[in-house]
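Novice:
Protein chains: 6
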Amino acid sequence: MTKTKTVYFGAGWFTDKQNKAYKDAMAALKENPTIDFDHCYVPLQNQYKDIRVDLHPEYLHDIEWADATYHGDLVGIKSSDVMLGVYIPEEEDVGLGMELGYALSQGKYILLVIPDEDYGKKINLMSWGVCDNAIKMSELKDFDFNKPRYAFYDGAVY
Amino acid sequence: MTKTKTVYFGAGWFTDKQNKAYKDAMAALKENPTIDFDHCYVPLQNQYKDIRVDLHPEYLHDIEWADATYHGDLVGIKSSDVMLGVYIPEEEDVGLGMELGYALSQGKYILLVIPDEDYGKKINLMSWGVCDNAIKMSELKDFDFNKPRYAFYDGAVY
Amino acid sequence: MTKTKTVYFGAGWFTDKQNKAYKDAMAALKENPTIDFDHCYVPLQNQYKDIRVDLHPEYLHDIEWADATYHGDLVGIKSSDVMLGVYIPEEEDVGLGMELGYALSQGKYILLVIPDEDYGKKINLMSWGVCDNAIKMSELKDFDFNKPRYAFYDGAVY
Amino acid sequence: MTKTKTVYFGAGWFTDKQNKAYKDAMAALKENPTIDFDHCYVPLQNQYKDIRVDLHPEYLHDIEWADATYHGDLVGIKSSDVMLGVYIPEEEDVGLGMELGYALSQGKYILLVIPDEDYGKKINLMSWGVCDNAIKMSELKDFDFNKPRYAFYDGAVY
Amino acid sequence: MTKTKTVYFGAGWFTDKQNKAYKDAMAALKENPTIDFDHCYVPLQNQYKDIRVDLHPEYLHDIEWADATYHGDLVGIKSSDVMLGVYIPEEEDVGLGMELGYALSQGKYILLVIPDEDYGKKINLMSWGVCDNAIKMSELKDFDFNKPRYAFYDGAVY
Amino acid sequence: MTKTKTVYFGAGWFTDKQNKAYKDAMAALKENPTIDFDHCYVPLQNQYKDIRVDLHPEYLHDIEWADATYHGDLVGIKSSDVMLGVYIPEEEDVGLGMELGYALSQGKYILLVIPDEDYGKKINLMSWGVCDNAIKMSELKDFDFNKPRYAFYDGAVY
């Protein structure tokens, strides 16, 4: 029986490009035989009391909501095997950046997944340095999560 | 004699707004009697071999340059007393995000400084959670770095 | 096949109430299908050379015994998936407190389990803050250790 | 000029014995020439919005108060040089236990101070193991915080 | 079905004695039913671009090769369950030493395996302290990696 | 007034070459105006109960001695500002290796100092990767410990 791993699914949902990458990455993980899809942590499905602040802006100033959602995501990172960042070079995201830094501190394997058409474009130096590997979206479904290895991003850094 | 502390100066230099905030924050630190300005770490002044990749795009693919600059910044964070993030709500930056996450892992006090006119605007949930305090630019020159305390950002989070 | 997780079994054995909670929690774990009971770490079963200092007070000053038992427990925490604290509000324990703090540093999911009749009573602020979730004893046998999530203790803090 | 260090002042204030030890330890620190007393972190003086929950029990269920006070104390530990625990063997405290575990993760020197009349009495194994040294109250005013060293507690452990 | 664990295989390949111990340890792991041999990380099989610097001395000054191989090994340690050190008392190795220190920071169970004929000989104090257990080569094939426990090296330290 | 920093003095004392480097490094630190020499931690001066095991081989099997000396050195690393490794390429030492790994986990600036005549010789890959900078012995007396920066070893790695 193949062993399976869990990932923290770090990805944005604010632009069309992000939404497409989000769906593509989810589909690839579902297909990947080394992934335990049911037990992966997806932040959008774990907001406090199932309240999405983008739909309920009255929670923008709610400390309890913010605090619980923030800690929920940290729990997601520390209790998953891998930190996955769906990464769009021209739409970089400060929240994903912070998650990558936290994942480093928790000893997680950090994998960036970049849409094929964007692969090679320049990315931020700190994202470049913190990741253990950066692959194309089309490679995700076959990535062997039981053999996490180190490689450089085959693209530019700024 | 007043004790002084050092900061890692996390700030962007890519837009007009960032450049203004950058200069304002530097001026405030210089004025602050609890800051050892000469020994603060300023990333822009510490790029590998003094090569700025924004001016020398031929280094965009240079692994040695990237690696040394990345590690230089990590050294800056771990060997400073405080992680300072000059934070502009509508121009959030993935690199600063990663630095904040790394600073958390190194046990640094994390302070966000936001231009007065932007203070209160919504910021990313992970930045909200990782910082120990978030103040206005005009408060920076008088902030007592010998009394680092915890407080919530008095603004919105998304 | 259901995946299973291991826990470090943090619990006291010094009072009647503790002994009852200890047995209840052990029984619940045994029943829980997401727990690998045989490979959980139970401190009381792992004291150095099988010497229980409560029964052999001549070891109260034995540095070798103390050091090995202390490190044994740290190994138990770092090599288990989850830090479980059987927590009795009115009989709080400094040793469990320290284990909770260490578990935080090792990136473990931290779960407090409180006897149903004590659930809601006030607990120490630091225990409140360090745990990722706090549940009732009666919920333990059905808790899904493959879906560790964050929630606030539904009770008081002092 | 003598260098000075800051401590996080970990101590209870719930019993007469604790209150006496609290005052004795504060007095000794004030006298100690290697301590920067003004910049030490004293939890009781740093509760959120200056609200003491023992005097204002209506805050027992206030998540914002609890969360801010909890994180305030963590900031106190990570931004002080030393973790000081005023430790009373027969009145051990779960909150101090958790602080000791967190201090371990932040790389702090951990010093227990025990009232002279209680020194030697048995203490919890985890407190025994986590501290770097354990001294008598009467030794605190002369302890050289610029020469933090390791030693075993000269007493019993259970 | 028996659970299996992965190890980072820390071992030298520079002397006859090291090569023999290397082969013996690999054979024992292969036989051990609690080991997932295929997913263990073996540094010698993971040098950057499959270039062995001992065979290709022209890479002795290549920063890209060094950096990638170094980080590859760190990834191997952080993404394996256990840090295994094949340890030869009279041929101690600084690289293994650093790996042991890093494994400590990543919360790994640290196991030293010493050839039977060398077991008991004096080892360096820091290796003595950092390991969670030290066993004989002949015990490796039966070691239960699902029950990692703490014990002292039954030999000398200097 | 110049700020001063403390170092953990990692160095061997087992061969003539080590002893010479030891003395040279101590002399350079004493001369360096950015060093607080009196508060640096020198392991050889901090062995438990002032017992040197090389002179008293009857302590080779003494767990209390070993444990206290080991933890004493860890305290020395975590409570100093900088990890200094006096490093001799052809006489590498497993104990120093472990100290370097531990220093990484404690967020210390890691500086290797290599005798001038050995500078450039090949060093172990893990030492190469873990250090933040590697300088010549003759540069130590003028090294600015208030400006710790990152640089690659200007020599070979194996």
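Taken in order, these protein sequences are the chains called V, Y, A, X, P and D.
Heads up: take any position in the first sequence, counting from 1, add 942, and you land on this note's numbering.
Heads up: take any position in the second sequence, counting from 1, add 942, and you land on this note's numbering.
Heads up: take any position in the third sequence, counting from 1, add 942, and you land on this note's numbering.
Heads up: take any position in the fourth sequence, counting from 1, add 942, and you land on this note's numbering.
Heads up: take any position in the fifth sequence, counting from 1, add 942, and you land on this note's numbering.
Heads up: take any position in the sixth sequence, counting from 1, add 942, and you land on this note's numbering.
Ideal Cβ placement from N, Cα and C applies to all residues, glycine included.
Note that the structure is predicted; figures quoted are calculated from it, not measured.
#1: Spatial neighbours of Q1160 of chain X within its chain, please: CB distance less than 6 Å, with the 5 preceding and 5 following residues excluded, ordered by chain position.
#2: CA-CA distance, D980 of chain P and V949 of chain P?
#3: Alpha carbon to alpha carbon, what distance is there between A1008 of chain A and P985 of chain A?
#4: Under the rule that 16 or more other beta-carbon atoms within 10 Å means buried, what is N974 of chain X, buried or exposed?
#5: Count the other CB atoms, across all protein chains shown, that sit within 10 Å of the CB of S1021 of chain D; report buried if there are 16 or more and exposed otherwise.
#6: What residue range does the alpha helix (DSSP H) around Y1113 of chain D cover?
#7: Helix or strand or just coil, what does DSSP make of V1036 of chain X?
#8: Please name the residue, chosen from P:E1006, P:A953 and P:I977, that lies closest to Q987 of chain P on a Cα-to-Cα basis.
#9: Determine, using beta carbons only, whether D978 of chain X comes closer than 9 Å to chain Y.
#10: Using 10 angstroms around the beta-carbon of A1045 of chain A, count the other beta-carbons present and answer buried if the total reaches 16, otherwise exposed.
#11: Between which two residues does the alpha helix (DSSP H) containing Y1001 of chain Y stretch?
#12: Tell me which same chain residues have a C-beta within less than 6 Å of the C-beta of D1086 of chain D, skipping the five on either side of it?
#13: To the nearest angstrom, how far is the alpha carbon of D1035 of chain V from that of L1054 of chain D?
#14: Report, in whole angstroms, the separation of the C-beta atoms of V1028 of chain X and A967 of chain X, which I expect to be a contact under 8 Å.
#15: Let me check understanding here. Comparing Cα to Cα, which of X:K965, X:Y964 and X:P1057 lies closest to S1080 of chain X?
#16: Using the Cα positions of L1016 of chain A and S1069 of chain X, report the straight-line distance between them to the nearest angstrom.
#17: At least one CB of chain V closer than 9 Å to the CB of A1008 of chain Y: is that the case?
#18: Straight-line CA distance for F951 of chain D to G1049 of chain X?
#19: What is the DSSP secondary structure of F1094 of chain P, counted as helix, strand or coil?
#20: Do you know whose CA, among V:G1097, V:Y1061 and V:D992, lies nearest A1093 of chain A's CA?
#21: Less than 9 Å between the C-beta atoms of E1041 of chain P and G1037 of chain D, yes or no?
#22: State yes or no: is the beta carbon of I1005 of chain P nearer than 9 Å to at least one beta carbon in chain Y?
#23: Taking Cβ positions, are E1033 of chain P and T957 of chain P nearer each other than 9 Å?
#24: Find the nearest neighbour of D1060 of chain A within the set A:W955, A:K962 and A:K947, judged by alpha-carbon distance.
#25: Checking 9 Å against the spacing of the C-beta atoms, do G1039 of chain V and G1039 of chain Y come in under that value?
#26: Just to confirm the assignment, what range does the alpha helix (DSSP H) spanning N961 of chain Y have?
#27: Could you give the residue range of the beta strand (DSSP E) that holds L1054 of chain X?
#28: Quick one: does Q1048 of chain A have its CB under 9 Å from some CB of chain P?
#29: Is the CB of S1069 of chain P under 9 Å away from at least one CB in chain D?
#30: Tell me which residues share the same chain as T946 of chain X and place their Cβ nearer than 7 Å to its Cβ, disregarding the 5 neighbours each side in the sequence.
#31: With a 10 Å radius around its C-beta and 16 neighbouring C-beta atoms as the bar for buried, classify L1067 of chain X as buried or exposed.
#32: V1024 of chain P lies in the beta strand (DSSP E); which residues open and close that run?
#33: In the DSSP assignment, what are the bridge partners of F951 of chain D?
#34: Under the DSSP definition of a beta bridge, which residues are partnered with K945 of chain D?
#35: Which residues of chain P have a Cβ atom closer than 8 Å to the Cβ of Y981 of chain A, listed in chain order?
#36: Which residues in the same chain have their Cβ closer than 8 Å to the Cβ of K1064 of chain X, if we skip the five residues on either side of it in sequence?
Specialist: Here's the rundown:
#1: This structure cannot settle anything about residue 1160 of chain X, because the visible part of chain X is limited to 943 through 1100.
#2: 10 Å
#3: 13 Å
#4: buried
#5: buried
#6: Outside the displayed range of chain D (943 to 1100) lies residue 1113 of chain D, so it cannot be described from this structure.
#7: helix
#8: P:A953
#9: yes
#10: buried
#11: From DSSP, Y1001 of chain Y is part of no alpha helix (DSSP H); its letter is neither H nor E.
#12: T976
#13: 37 Å
#14: 5 Å
#15: X:P1057
#16: 12 Å
#17: yes
#18: 18 Å
#19: coil
#20: V:D992
#21: no
#22: yes
#23: yes
#24: A:K962
#25: yes
#26: D958 to E973
#27: Y1051 to I1056
#28: yes
#29: yes
#30: T976, I977 and D978
#31: buried
#32: V1024 to V1028
#33: D:L1026
#34: None; K945 of chain D has no bridge partner.
#35: Note on identity: in this sequence residue 981 of chain A is His, with Tyr being the wrong assignment. K945, N1088 and K1089, listed in chain order.
#36: P1031, G1097, A1098, V1099 and Y1100
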